[in-house]
Amino acid sequence: KADVFRTMRKLSRDGLGILFATSDLDEVMALSDRIAVMSNGRLTGMFDRAEATEAAIVAASALGHGPTAQLAPAHGEQR
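For the sequence shown, our numbering begins at 4 and goes up steadily by one.
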């Protein structure tokens with residue numbers, strides 16, 4: 004992995020765009036300039052690396068999962 008990451012960094016410094024898909028947050032935080040988060044085939048978040056936090060990335064990856072996706076609107080409001 005170290006050789007691949009070293010090559011990716013060099014290519015990036017040379018101006019090439021690189022699309023790297025991983026679920027490893029350490030790799031995301033170490034290698035990315037911009038971060039796109041997908042969940043269930045949908046784009047759920049987009050971050051500049053300088054502003055991204057692990058908590059924000061995890062929250063974006065959880066969109067559409069679990070019980071919060073099935074909650075009824077509060078106080079009968081329709082959205």
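Just so you know, even glycine gets a beta-carbon here, dropped at the ideal spot from N, CA and C.
Residue environment analysis places A63 among the buried positions, since at least 16 neighbouring C-beta atoms fall within 10 angstroms of its C-beta.
For a cut-off of 8 Å, the C-beta gap from R37 to D17 is around 17 Å, too long to register as a contact. Straight across, the Cα-Cα distance linking E57 with R9 is about 23 Å. The Cβ atoms of I60 and V40 lie closer than 8 Å to each other. Under the DSSP definition of a beta bridge, D17 lacks any partner.
Under the criterion of beta carbons closer than 8 Å, M11 and L34 qualify as touching, at roughly 6 Å. Counted as a single uninterrupted DSSP element, the beta strand (DSSP E) harbouring D51 occupies residues R45 to D51.
Per DSSP, S64 is not a residue of any beta strand (DSSP E); the alpha helix (DSSP H) it occupies stretches across E57 to A65.
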